[in-house]
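Numbering (the working numbering), first residue to last: 497 to 697.
Inspection log for the structure reproduced underneath, given as structure tokens.
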Amino acid sequence: MRVLVTGGNAGIGYFAAEQLASAGAEVVLGSRDPAKAEAAKTAIRARVAGAKVGHVRLDLADLAQVATVETGALDAVVCNAGVLLDAPPRRETAAGHELMFGTNHLGHFALIARLLPVLAPDARIVTIGSFAAKSAKLDFADLQSERAYVPKRAYERSKLAQMLFAVELDRRLRAAGSNRLSVLAHPGGALDSLTPSRPPV
Numbered sequence: 497m498r499v500l501v502t503g504g505n506a507g508i509g510y511f512a513a514e515q516l517a518s519a520g521a522e523v524v525l526g527s528r529d530p531a532k533a534e535a536a537k538t539a540i541r542a543r544v545a546g547a548k549v550g551h552v553r554l555d556l557a558d559l560a561q562v563a564t565v566e567t568g569a570l571d572a573v574v575c576n577a578g579v580l581l582d583a584p585p586r587r588e589t590a591a592g593h594e595l596m597f598g599t600n601h602l603g604h605f606a607l608i609a610r611l612l613p614v615l616a617p618d619a620r621i622v623t624i625g626s627f628a629a630k631s632a633k634l635d636f637a638d639l640q641s642e643r644a645y646v647p648k649r650a651y652e653r654s655k656l657a658q659m660l661f662a663v664e665l666d667r668r669l670r671a672a673g674s675n676r677l678s679v680l681a682h683p684g685g686a687l688d689s690l691t692p693s694r695p696p697v
């Protein structure tokens, strides 16, 4: 089994990658930072004897880069990477999208579209959700959070959009008679790179 884990160099993504490697999967870490990816690969190999772990440069905030990413054949994708801004100012991706919406939702949307041709016939696409989406509502007139920008609200919307995409993707795969599944997973509360102010485990 060969699995791509976005954001596999830290937090939940790292531990998912480590567990997959320990179960015998070949893991590909999708990370925009080669140095952090190398550190994660070294850590996984130190904990999992014989671990098969690689890295592909992946910047979900850069749709042009996502459109060129090459992973090779995959049996599963774990859509885990994300960005959380906790204070203004509002930031944008190179394409002009609000950074969290552009990375967390649009980046993964574009990635899955790019990877569909190389996914196994029975592949699993796993999206990591967030309880933050529970209080979110999508404002289709302001998806880019240009009015009254509140970072927390923008993050909630980005995760809700990502989660709705996962559900709709599964519906469409089933309707097409595909054996591929899109699965939405919630890891529960966790200390990761998005909670730097909390003490480490």
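All C-beta atoms, glycine included, are put in the ideal place defined by N, C-alpha and C.
Would you check if the region 540-556 and the region 509-524 touch, i.e. whether three or more CB-CB distances between them fall below 8 Å?
The region 509-524 makes contact with the region 540-556: 3 or more CB pairs, one atom from each, lie closer than 8 Å.
Contact set for residue 583: own chain, Cβ-Cβ below 8 Å, skip 5 residues either direction
Excluding residues within five positions, the ones whose Cβ falls inside 8 Å are 647.
In this structure, does DSSP put residue 571 in helix, strand or coil?
If DSSP states are grouped into helix, strand and coil, residue 571 belongs with the strands.
With distances taken from CA atoms, which of 586, 556, 590 and 587 is nearest residue 578?
The candidate whose alpha carbon is nearest that of residue 578 is 556.
Since I believe residue 576 is in contact with residue 654 (beta carbons under 8 Å), could you give me their beta-carbon distance rounded to a whole number of angstroms?
The C-beta distance from residue 654 to residue 576 rounds to 14 Å, too long to fall under 8 Å, and the pair is not in contact.
Taking its Cβ as the centre, do 16 or more other Cβ atoms sit within 10 Å of residue 597, making it buried, or is it exposed?
Classification of residue 597: buried, given that the 10 Å Cβ count is 16 or more.
Go to residue 532, then tell me how far its alpha helix (DSSP H) extends in each direction, as first and last residue.
That run of the alpha helix (DSSP H) goes 530-543.
Terminal residues of the beta strand (DSSP E) in which residue 498 lies:
That run of the beta strand (DSSP E) goes 498-502.
Touching by the beta-carbon criterion (3+ pairs, under 8 Å), the region 650-667 and the region 623-641
The region 650-667 makes contact with the region 623-641, as at least three CB pairs between them are under 8 Å.
For residue 697, does the three-state DSSP call read helix, strand or coil?
Caution applies to residue 697, whose pLDDT of 37 falls short of 50 and renders its modelled position unreliable; the value that the coordinates give is listed next. Correct three-state label for residue 697: coil.
Sequence-distant residues of the same chain with beta carbon closer than 8 Å to residue 679, five excluded per side
So the list reads 620, 621, 622, 623, 662 and 666, once near-sequence residues are dropped.
Given a cut-off of 9 Å on the beta-carbon distance, is the pair residue 500 and residue 573 in contact?
Annotated as proximal: residue 500 and residue 573, with beta-carbon spacing under 9 Å.
Reference residue 593; option with closest CA among 569, 612 and 560
Among 569, 612 and 560, the Cα nearest to that of residue 593 belongs to 560.
If I measure Cβ to Cβ from residue 587 and keep anything under 7 Å in the same chain, skipping five residues before and after, which residues do I get?
If you ignore the 5 residues before and after residue 587, its C-beta comes within less than 7 Å of the C-beta of 581 and 595, all in its own chain and listed in chain order.
Count the other CB atoms, across all protein chains shown, that sit within 10 Å of the CB of residue 642; report buried if there are 16 or more and exposed otherwise.
Of the residues assessed, residue 642 falls on the exposed side of the cut-off, its CB having fewer than 16 other CB atoms within 10 angstroms.
Quick check: the Cα distance between residue 526 and residue 502, rounded to an integer number of angstroms?
Approximately 4 Å, taken between the alpha carbons.
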